[in-house]
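Q:
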Amino acid sequence: MNAQSYVQTRCPSCGAGAWGHPQMPVPCNTCGRQVPPVAGANGQGFQGAPGAATAQPYAQPADPYAGQQANPYAGQQANPYAGQPANPYAGQPAPGPQMTPAPQHAVAAAGAGSAPATTAGASSGKGNIVTRIRVGPLSIPIRAGGNMKFKVIGVTILAIVLAVGGVIVKSKFKKTKAGNLSYSGLGIDPKHADPDKMLTAVGGPARKWRSDAAWWAINLQEVRADGTVDVTKGGAQVTYISVAGVQSRVKRTRDNSIKKYNFGPAGVDHKQLWGATNPWEGVVPPDLPTCAIKDVVKGLGLTGSQTVRVTFDPQFAGAVDVDAWHVIGKDPKIDAYYSMADCSLVASK
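Under this note's numbering, the first residue of the sequence shown is numbered 57, with each subsequent residue one higher.
1) Express the C-alpha separation of H382 and Y394 in angstroms, rounding to a whole number.
2) Anyone know if the C-beta pair for A281 and V353 falls short of 8 Å?
3) So for K350, helix, strand or coil by DSSP?
4) Alpha carbon to alpha carbon, how far is N85 from V63?
5) What's the C-alpha gap between N334 and T359?
6) Tell me which residue opens and which closes the beta strand (DSSP E) that G320 is part of.
7) If we call anything under 8 Å between Cβ atoms a contact, is P78 one with Q90?
8) Count the other C-beta atoms from every protein chain shown that fall within 10 angstroms of the C-beta of D250, then say buried if there are 16 or more, exposed otherwise.
9) Determine the direct distance from the alpha carbon of S313 to that of G331, and round the result to whole angstroms.
10) Helix, strand or coil for G241? Go by DSSP, reduced to three states.
11) Taking the alpha helix (DSSP H) that T309 falls in, what are its first and last residues?
12) Assign H248 to one of three DSSP states: helix, strand, or coil.
13) V340 and V378: beta carbons closer than 8 Å?
14) Spatial neighbours of S404 within its chain, please: C-beta separation below 6 Å, excluding the five flanking residues on both sides.
15) Please return the same chain residues whose Cβ sits closer than 6 Å to the Cβ of C87, not counting the five positions on each side in sequence.
16) Given a threshold of 16 other Cβ atoms within 10 Å of its Cβ, counted over all protein chains shown, does S267 qualify as buried or as exposed?
17) Closest to H244 by C-alpha separation, out of Q277, T363, V285, would be which residue?
18) Return the chain-ordered list of same chain residues with a C-beta closer than 6 Å to the C-beta of F319, the five sequence neighbours on each side being excluded.
19) State the beta-bridge partners of P83 as determined by DSSP.
20) Tell whether a beta-carbon distance below 8 Å holds between V299 and V258.
21) So, is H248 buried or exposed, given that buried needs 16 or more other C-beta atoms within 10 angstroms?
22) Nearest-angstrom Cα distance between A397 and A348?
23) Considering only the beta carbon of each residue, do A72 and T65 sit closer than 8 Å?
24) Which stretch, first to last residue, makes up the alpha helix (DSSP H) that contains R66?
25) If the criterion is Cβ atoms closer than 8 Å, does the pair P321 and Q362 meet it?
26) CA-CA distance, T367 and V306?
27) DSSP three-state call for V258: helix, strand or coil?
28) Would you give the residue range spanned by the beta strand (DSSP E) that Q277 belongs to?
29) Please classify G357: is it buried, with 16 or more other beta-carbons within 10 angstroms of its beta-carbon, or exposed?
30) Would you give the residue range spanned by the alpha helix (DSSP H) that G323 belongs to?
31) Which residue spans inside the region 364-404 form an unbroken beta strand (DSSP E) run of at least 3?
32) State buried or exposed for K264, treating a residue as buried only when at least 16 other CB atoms are found within 10 Å of its CB.
33) Which residues in the same chain have their Cβ closer than 6 Å to the Cβ of G290, if we skip the five residues on either side of it in sequence?
34) According to DSSP, what are the bridge partners of A292?
35) Could you tell me the alpha carbon to alpha carbon distance between T309 and G355, rounded to whole angstroms?
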C-alpha cells in the first residue's frame with residue numbers, strides 16, 4: 057500500500073474534506089466516522105461525496121519538468137479545479153509506504169488537516185498501543201485495550217509492592233557508617249549479639265590503638281531473656297583502657313587513654329576517647345569472666361519482652377569486693393550482684 061492509494065474526498069457524514077482509500081475505510085479527521093472505500097471512474101480510486109466536485113488524487117507523479125526554467129503549462133487551459141473548495145490537505149506529506157491510517161481516537165485528537173499517521177506509542181507491528189502509567193517515580197508500560205481499570209489497579213499495586221520491598225531491602229542491608237567497625241567483620245549478629253563475645257570482639261582493634269589495651273568495663277541497657285542484645289537499638293558499650301596510659305604522671309599521656317566502643321545501628325563507633333583526670337593507682341585489669349552474662353540472665357526467669365540492665369566497672373563496684381555482674385531491672389524488680397567467676401549471688405538490694 058503506497059501513498060498514491062490515498063485520495064481526497066468528502067466525508068459522507070459531515071461533508072468535510074477527508075482522506076479516502078479504494079480498498080478500506082479511513083477515519084474522518086473531522087468527525088472521526090469512517091469514510092467508506094471509494095472508487096472512481098477515472099481509474100485512480102477517487103470518488104467524491106454525493107454532489108461534491110471531484111478532487112484531485114493525493115499524490116501526483118513526479119514532475120517531468122523539474123529543473124527546467126520555462127513554464128511547460130504556459131498557454132494551457134485554466135486550472136480545471138478553480139473555484140472548488142481549497143484543498144484541506146495542501147502541503148501535507150502523503151502517507152509513507154509503511155504507514156497506516158491512525159486509529160480513530162488519535163485522528164480525532166489531531167484535528168482536521170492531518171494526514172493519516174502512526175500513533176505515537178504503537179509498540180509492535182501488530183499495532184498494539186502502549187500506554188505508560190506513572191506511579192511515583194516509576195513509569196510502567198501497559199497495553200491499551202481490554203479492561204484498563206483493572207490494569208491500572210494492578211500496576212499501582214505492583215508499584216507499591218516494589219517500593220515497600222526496596223525499603224525493606226535497603227533497611228536490611230544498611231551499610232556500616234564510614235569509620236565504624238562492621239558487625240560482619242567482628243563476627244557478631246547485631247540483632248542477637250552475645251554480650252560475652254562483644255567483650256573480646258573489639259579486643260583486636262583495641263590493641264591496634266594501644267598495645268597494652270585491656271578490657272575494663274561493659275554497660276548493657278537491655279539484655280533479653282535469652283541473654284542476647286539487639287545492638288541496633290544502641291545502649292551497648294564496652295570500654296578498654298591503656299594500662300600504662302591511665303597511670304602515667306604525664307597528663308598528655310593520660311589524655312585519650314580510655315577508649316569506648318559504642319554498638320549501634322550502623323556498626324561499632326570507636327571514636328570516643330576519654331582521659332584519666334588524675335593518675336590511677338594499682339590498676340589490675342579484670343580477668344575475662346568464666347560466668348557468662350547470658351548464663352546469669354537465663355537464671356532470672358525473664359519472659360516475653362522483659363529485659364534487664366547488666367553492667368560492670370571496677371571503679372563502681374559498690375557494695376562488693378569481688379568482680380561481679382551488676383543486674384538491675386524494673387520488671388521484674390531486681391538489683392543484685394552475681395559473681396563473674398561462678399554466677400553465684402554475691403549481694404542483693
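For each residue, glycine too, the CB sits at the ideal point set by N, CA and C.
A: Short version:
1) About 7 Å.
2) Result yes, Cβ atoms of A281 and V353 sit closer than 8 Å.
3) Helix, per DSSP.
4) Roughly 14 Å between the two C-alpha positions.
5) Rounded to whole angstroms, the gap between the alpha carbons of N334 and T359 is 44 Å.
6) Boundaries of the beta strand (DSSP E) harbouring G320: 314-320, taken from the DSSP string.
7) Against a cut-off of 8 Å, the Cβ pair of Q90 and P78 comes out as no contact.
8) By the 10 Å Cβ count, D250 comes out buried.
9) Separation of G331 and S313 (C-alpha to C-alpha, rounded to the nearest whole angstrom) is 5 Å.
10) DSSP places G241 in helix when its eight states are reduced to three.
11) Start and end: 307-310.
12) It is helical.
13) Taking a C-beta distance under 8 Å as the contact criterion, V340 and V378 do not qualify as a contact pair.
14) The beta carbon of S404 sits closer than 6 Å to the beta carbons of A392 from its chain, once the five residues preceding and following it are set aside; these are given in chain order.
15) The residues are S69, C70.
16) Exposed, by the Cβ-count rule.
17) It should be pointed out that residue 244 corresponds to Ile in this sequence rather than to His. I244 has its Cα closest to that of V285, out of Q277, T363, V285.
18) Taking C-beta separations shorter than 6 Å and ignoring five residues to either side along the sequence, the partners of F319 in its chain run V287, A292, following chain order.
19) Per DSSP, Q90.
20) Here V299 is not near V258, since their CB atoms are 8 Å or more apart.
21) Classification for H248: exposed.
22) Whole-angstrom Cα-Cα distance: 9 Å.
23) Taking a C-beta distance under 8 Å as the contact criterion, A72 and T65 do not qualify as a contact pair.
24) Under the DSSP assignment, R66 falls outside any alpha helix (DSSP H), being part of the beta strand (DSSP E) whose first and last residues are 63-66.
25) If you check the CB distance, P321 and Q362 do not come in under 8 Å.
26) Rounded to the nearest angstrom, the gap between the Cα atoms of T367 and V306 is 30 Å.
27) It is coil, neither helix nor strand.
28) Element bounds for Q277: 269-279.
29) Burial call: exposed.
30) Counting along the chain, no alpha helix (DSSP H) covers G323; the unbroken beta strand (DSSP E) around it starts and ends at 323-330.
31) If only uninterrupted beta strand (DSSP E) runs of at least 3 residues are considered, those enclosed by the region 364-404 are 364-368, 380-386, 389-395, 401-404.
32) Label assigned to K264: exposed.
33) Excluding residues up to 5 positions away in sequence, G320 lie with their Cβ nearer than 6 Å to the Cβ of G290 in the same chain.
34) DSSP lists L276, F319 as partners of A292.
35) Rounded to the nearest angstrom, the gap between the Cα atoms of T309 and G355 is 43 Å.
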